[in-house]
Amino acid sequence: MRIDKYLKNSRIIKRRTLAKDACEQGRVSVNGKQAKPGTEVEAGDEILVVFGNGEMRVRVLATPEHVTKDMAPSMYEII
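First residue of the sequence shown? That's 615 in the numbering used here, and the numbers climb one at a time after it.
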């Protein structure tokens, strides 16, 4: 699954366009490498998202295509 879609589906970032912009601005990395919006993620990958003055590091647990609001937190674990 593309990183921008994953960030939106998991509710880490609210909208896909914001996730795309974050990737293009260099604020998202996957397994230590800067991510482009089309970077593929799989279970086991580590994602670092830098927000305004903080950051969030998560491990991908699942990448389902369709996700309900209640299922979103089960897609990742915070490291």
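Idealized CB from N, CA, C, for every residue including glycine.
Model, not experiment: these values are computed from the prediction.
Burial state of residue i, where buried means 16 or more other Cβ atoms lie within 10 Å
{"i": "residue 617", "result": "buried"}
{"i": "residue 683", "result": "exposed"}
{"i": "residue 634", "result": "buried"}
Beta-carbon proximity check, residue i vs residue j, cutoff 8 Å
{"i": "residue 629", "j": "residue 622", "result": "yes"}
{"i": "residue 626", "j": "residue 672", "result": "yes"}
{"i": "residue 638", "j": "residue 651", "result": "yes"}
Three-state secondary structure (DSSP) of residue i
{"i": "residue 670", "result": "strand"}
{"i": "residue 647", "result": "strand"}
{"i": "residue 630", "result": "helix"}
{"i": "residue 662", "result": "strand"}
Cutoff 6 Å; reference residue i; Cβ partners in own chain excluding five residues on either side
{"i": "residue 661", "result": "644, 672"}
{"i": "residue 641", "result": "664"}
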